[in-house]
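Just below is one structure, and these are the notes that go with it.
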Amino acid sequence: MFEIKICGVRLKSDIDAVRAACDGISSTHDASPNADAARRNHSVAVGLNFYPPSVRFIEPADPSSRSLSTAAQDAGLLRVGVFVNETAAAIQAVNSVVGLDAVQLHGDELIQTAIELIASGHSVIRAIKLPTVDLSVDLIEQRVAPWTEVGCHPLLDADAGAAHGGSGKTLDWSIVSAWAASHPDLAWTLAGGLNPDNVAAAITESTAKSIDTASGAEETRGIKSPSKIQAFFQAASRL
Ligand SMILES: O=C(O)c1ccccc1NCC(=O)[C@H](O)[C@H](O)COP(=O)(O)O
1 MFEIKICGVR LKSDIDAVRA ACDGISSTHD ASPNADAARR NHSVAVGLNF
51 YPPSVRFIEP ADPSSRSLST AAQDAGLLRV GVFVNETAAA IQAVNSVVGL
101 DAVQLHGDEL IQTAIELIAS GHSVIRAIKL PTVDLSVDLI EQRVAPWTEV
151 GCHPLLDADA GAAHGGSGKT LDWSIVSAWA ASHPDLAWTL AGGLNPDNVA
201 AAITESTAKS IDTASGAEET RGIKSPSKIQ AFFQAASRL
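Quick note, the sequence shown lines up with residues 1 to 239 if you use full-length UniProt numbering.
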């Protein structure tokens, strides 16, 4: 799917910052697997947020959203549309207007929504919202299995309550790692409170090969920071 996703981009300058961060890794000639992965086209994604209450929301009908999506595509980035409790038909409609490479279901959607989207050719990421305390391997398994069985890519995130996502809360990475050990062939993504200061530890402790951040790459809520995006890539690729 992708190795790094910067979620909630809203401006062309955010796309430029993500591209520059990819190029920054390339220019270090770092030979590590993470750096290699991040160099390849389409291994880096940006999230376009279509959940109106979010500070990261972009209006799908606004032509600037289509322009943003085109800019991401031109920069060689995967475009992930983030949705909360929309129907498959509504998501398809946004895709046809904006242009997306994958859709992320981040609400309380029924599994039927994912089945319909997959049947119509969409790559579907399912946010699995997990408690920040008393997490267990069994709980992760129970929440993930129904979605992977129908072909979704799981993104493990900290439960953000009514906000649904982008909260900056972290998961217990050691429990995530214990769960992942029994799924060596499953592609999955770690999200939840990742930032330049903790992403290296998060990768090491959780064994994640794919990571996602929203608030950890921002100057203030909803405003992306080019320097934090760059630092995030550098920290993630150093391993
Ligand atoms: O970012 C949001 O505002 C958001 C709102 C509603 C649903 C999902 C949302 N974000 C989706 C993401 O993939 C975030 O990157 C993920 O929740 C992690 O966020 P953070 O803890 O801030 O890194």
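Glycine is no exception: its CB is placed at the ideal position from the N, C-alpha and C atoms.
By a beta-carbon distance limit of 8 Å, Val133 does not contact Leu78. Their separation comes to about 32 Å.
Here DSSP, grouped into helix, strand and coil, assigns Glu109 to coil.
For ligand 1, no non-hydrogen atom lies closer than 7 Å to the CB of Ser210. For ligand 1, no non-hydrogen atom lies closer than 7 Å to the CB of Ser123. DSSP, reduced to helix, strand and coil, places Leu77 outside both helices and strands of the structure shown, so it counts as coil.
Closer than 7 Å to some heavy atom of ligand 1: that describes the Cβ of Thr213.
Ser65 is classed as buried because its beta carbon has at least 16 other beta carbons within 10 Å across all chains shown. Taking the Cα positions, Thr70 is about 11 Å away from Asp101.
Annotation for Ser123: Met1, Asp101, Ala102, Val103 and His153 place their beta carbon closer than 8 Å to its own, counting only its chain and skipping 5 residues before and after.
The beta carbon of Arg56 is closer than 7 Å to those of Gly8, Arg10, Asn49, Gly166, Ala214 and Gly222 in its chain, skipping five residues each way along the sequence. According to DSSP, Gly161 shares a beta bridge with no other residue. Per DSSP, the unbroken beta strand (DSSP E) holding Lys5 starts and ends at Ile4 to Cys7.
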